[in-house]
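Accompanying notes for the structure given below.
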Amino acid sequence: MSEDKTKELMQDIEELKVLLTEAKRMRVKQLLQSSIKQLETELAACPKLEDLAQPIEKKTVIKPKCYDVQITNYAWDQSDGFVKLYVTLEGVHEILAENVTCNFTQRSVELVVKDLQSKNHILRLLKLMNPIQPKVSYYKIKTDKVVVFMKKEKSQSWSHLTSQEKKVKDKPEVKDDADPTSGLMDLMRQMYEDGDDEMKRTIAKAWTESREKGASGGGYDI
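Everything in the sequence shown is counted per my numbering, starting at 3 for the first residue and increasing by one.
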């Protein structure tokens with residue numbers, strides 16, 4: 003029952019008790035006592051007023067856990083003063099601005115977009131082709147896109163975005179009579195030297211597994 007109904011029953015009982023003290027005839031007293039007992043039984047089934055006054059407990063909303071994903075799809079171009087990165091992320095303009103951060107060093111940039119469609123999107127570029135000026139580099143959030151502006155230290159044209167890209171593209175072609183395994187191992191060593199910590203761990207694991215297979219006569223996978 004509602005709070006108003008509970009109060010109404012209590013008031014009826016109190017008034018009947020007052021009438022009972024003033025009643026003279028036995029039959030009237032019995033009728034009043036019967037009515038009081040009936041209303042008290044009904045009142046006992048009602049929630050207490052202090053319970054009705056308790057605030058409704060709010061349900062805890064469990065937010066889905068975000069996981070990290072590496073951004074591999076992006077574009078870039080340049081002007082005399084800046085190298086610009088274009089990162090397309092649907093809905094990025096609708097999340098909190100504080101969820102988007104970009105850290106610059108002289109030779110690296112790291113863009114982090116947190117909690118977008120239950121994911122933390124990360125773009126990390128190491129060993130940029132040429133130095134940049136971190137203090138005057140910046141980024142802008144646009145509709146479904148983040149544009150990163152890296153201020154060049156010198157007004158010069160960049161042939162590649164990173165030195166690793168240049169090494170891979172400038173690598174000479176392997177001759178037909180060359181050992182393909184040797185060339186692949188050289189490429190793996192270069193990727194290890196230029197890669198980040200995660201890349202180094204992956205390559206080190208592959209090398210270890212390859213050596214173990216070679217020692218057991220299973221041949222090399224690399």
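Quick reminder that beta carbons are idealized off the backbone N, C-alpha and C, glycines included.
All of these numbers come straight from a predicted model, not from anything done at the bench.
Under the 8 Å Cβ criterion, the stretch 121-141 counts as touching the stretch 64-72, having at least three qualifying pairs. Put simply, of P133, K147 and T145 the residue whose alpha carbon is nearest the alpha carbon of W160 is P133. Nearest Cα to T90 within the set N75, D172 and Y194: N75. V20 is classed as exposed because its beta carbon has fewer than 16 other beta carbons within 10 Å across all chains shown. Within the model, the alpha-carbon separation for Y88 versus V150 is close to 7 Å. Shown here, E112 sits in a strand according to DSSP, grouped into three states. DSSP places A77 in the strand class (E or B) of the three-state scheme. The beta carbons of H95 and K142 sit no closer together than 8 Å. Following the DSSP letters along the chain, one finds L87 inside the beta strand (DSSP E) bounded by residues F84 to T90. Judged by DSSP secondary structure, Q35 falls within the alpha helix (DSSP H) whose first and last residues are M28 to A46. Ranked by Cα distance from W78, the first of H162, E195 and Q166 is H162. Put simply, the backbone Cα of Y140 is about 15 Å away from that of L125. DSSP places T145 in the coil class of the three-state scheme, outside both helix and strand. When secondary structure is reduced to three states using DSSP, N132 falls in the coil class, being assigned neither helix nor strand. The beta carbon of E44 sits closer than 8 Å to the beta carbons of L11 from its chain, once the five residues preceding and following it are set aside; these are given in chain order. Taken through DSSP and simplified to helix, strand or coil, L98 comes out as coil. Scanning its chain for C-beta atoms nearer than 6 Å, with the 5 sequence neighbours on each side dropped, one finds around V138 the residues K153, in chain order.
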